[in-house]
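Visitor:
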Amino acid sequence: MRVLVVSDIHANLNALEAVLADAGSVDATWCLGDLLGYGPDPNECVERIRNLPNLTCLLGNHDAAFLGQIDVDTFNLEARQSLDWVKNRVSDDNMEYIQRLPEMTEVGQVTLVHGSPRNPIWEYILDPRTARRNLDHFQTPYCFVGHTHLPILYQFNPEMTVVTVISPEPDNSYQLTPRALLNPGSVGQPRDRDPRAAYGIYDTEKALWQPHRVTYDIAAVQTRIRLAGLPLKHAMRLAEGW
Ligand code: ZN
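Quick look at the structure:
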């Protein structure tokens, strides 16, 4: 099965459409949360995602904050401003859809979660030590996470003691072996200084991971951010990938 893996779309429709077009035909799509926040197209992105066939979609921290499930005081000023903006703009139907999203799930050999297995909504896995500590919190050979907006692959040895940290090169193939934890990066707001939208293709039979990057019309999204009255910082950062 050829699976499209996306995360952190953040209401950026141009980036999402570019990813879907670039990925081509897939058997399933796994979305690791944060449909909302930052970007100008919340309803369009929720609808595009929820209508994909064989979709598994997780709840992210921005989605949870939108639902009022978590305290937004922990968000930075611009993130709070975009949450205020989105509150009255998401349709009831899309809101009900977001309310039904799980925090963590398993599909075959892979655990899917937005933040981390031990703290599904909030924890950032930014280093090998944190990745290692999360191994006890999922049972499957592999775990895919989002949240940091940084593509990364942590590959453990059979003793689970040594970890290899790989910054995946776009369009390369990586053979996963049990166990591994990876992040596809962000569709709608990359933070690794590469402004191209990030995603991955996962082959479930071969356990093969292929990271990809794709350009999209950033200027069009920046214009809609300005017209919407969203913080200009969100527009600036898209062009530079931070
Ligand atoms: Zn995010």
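Okay, so the sequence shown: first residue is -4 according to the numbering used here, each after it adds one.
Beta carbons are placed, not taken as given, at the ideal position from N, Cα and C, and that holds for glycine.
Nothing here was measured: the structure is a model prediction, and the numbers come from that model.
#1: With 16 other CB atoms within 10 Å as the buried threshold, where does residue 225 fall?
#2: What first and last residue would you give for the beta strand (DSSP E) that runs through residue 101?
#3: Let me know the secondary structure DSSP gives residue 3 once reduced to three states.
#4: Which residues count as close to ligand 1 when the rule is a CB under 5 Å from any of its heavy atoms, in chain order?
#5: Let me know if residue 222 comes out buried or exposed under the rule of 16 or more other beta-carbons within 10 Å of its beta-carbon.
#6: Would you kindly work out how many angstroms separate the C-alpha atoms of residue 92 and residue 169, rounded to a whole number?
#7: How would you label residue 11, buried or exposed, when you count the other beta carbons within 10 angstroms and need 16 or more for buried?
#8: So the beta strand (DSSP E) residue 194 belongs to, where does it begin and stop?
#9: Which of the three DSSP states is assigned to residue 139 in this structure?
#10: Judging by CA-CA distance, which residue of 81, 80, 56 is the nearest neighbour of residue 69?
#11: Measure the alpha-carbon distance for residue 229 versus residue 124 and round it to whole angstroms.
#12: Between residue 159 and residue 5, what straight-line distance do the alpha-carbon atoms span, to the nearest angstrom?
#13: Helix, strand or coil for residue 175, going by three-state DSSP, please let me know.
#14: Mapping the DSSP letters down to three states, classify residue 61 as helix, strand or coil.
#15: So what does DSSP say about residue 182, is it helix, strand or coil?
#16: What separation, rounded to the nearest whole angstrom, lies between the Cα atoms of residue 143 and residue 17?
#17: Just curious, the alpha helix (DSSP H) that residue 80 is in, first and last residue?
#18: Quick check on residue 134: buried or exposed, where buried means 16 or more other Cβ atoms within 10 Å of its Cβ?
Guide: Working from what's here:
#1: With 16 or more Cβ atoms within 10 Å of its Cβ, residue 225 is classed as buried.
#2: In the DSSP assignment, residue 101 falls within the unbroken beta strand (DSSP E) covering 99 to 102.
#3: Here residue 3 sits in coil by DSSP.
#4: Those residues are 3, 29, given in chain order.
#5: By the C-beta density criterion, residue 222 is exposed, having fewer than 16 other C-beta atoms within 10 angstroms.
#6: If you take the alpha carbons of residue 92 and residue 169, they lie about 34 Å apart.
#7: Residue 11 is classed as buried because its beta carbon has at least 16 other beta carbons within 10 Å across all chains shown.
#8: Bounds of the beta strand (DSSP E) holding residue 194 are 192 to 198.
#9: For residue 139, the secondary structure class from DSSP, reduced to helix, strand or coil, is strand.
#10: Of 81, 80, 56, the residue nearest in Cα terms is 56.
#11: Straight across, the Cα-Cα distance linking residue 229 with residue 124 is about 31 Å.
#12: Between residue 159 and residue 5, the alpha-carbon positions lie close to 29 Å from each other.
#13: Strand at residue 175.
#14: Reduced to three states, the DSSP call for residue 61 is helix.
#15: Looking at residue 182 - three-state DSSP - the assignment turns out to be coil, as it is neither helix nor strand.
#16: Distance between the alpha carbons of residue 143 and residue 17 is about 23 Å.
#17: It spans 72 to 82 - the alpha helix (DSSP H) in which residue 80 sits, taken as one unbroken run.
#18: Only exposed fits residue 134, as fewer than 16 other CB atoms lie within 10 angstroms of its CB.
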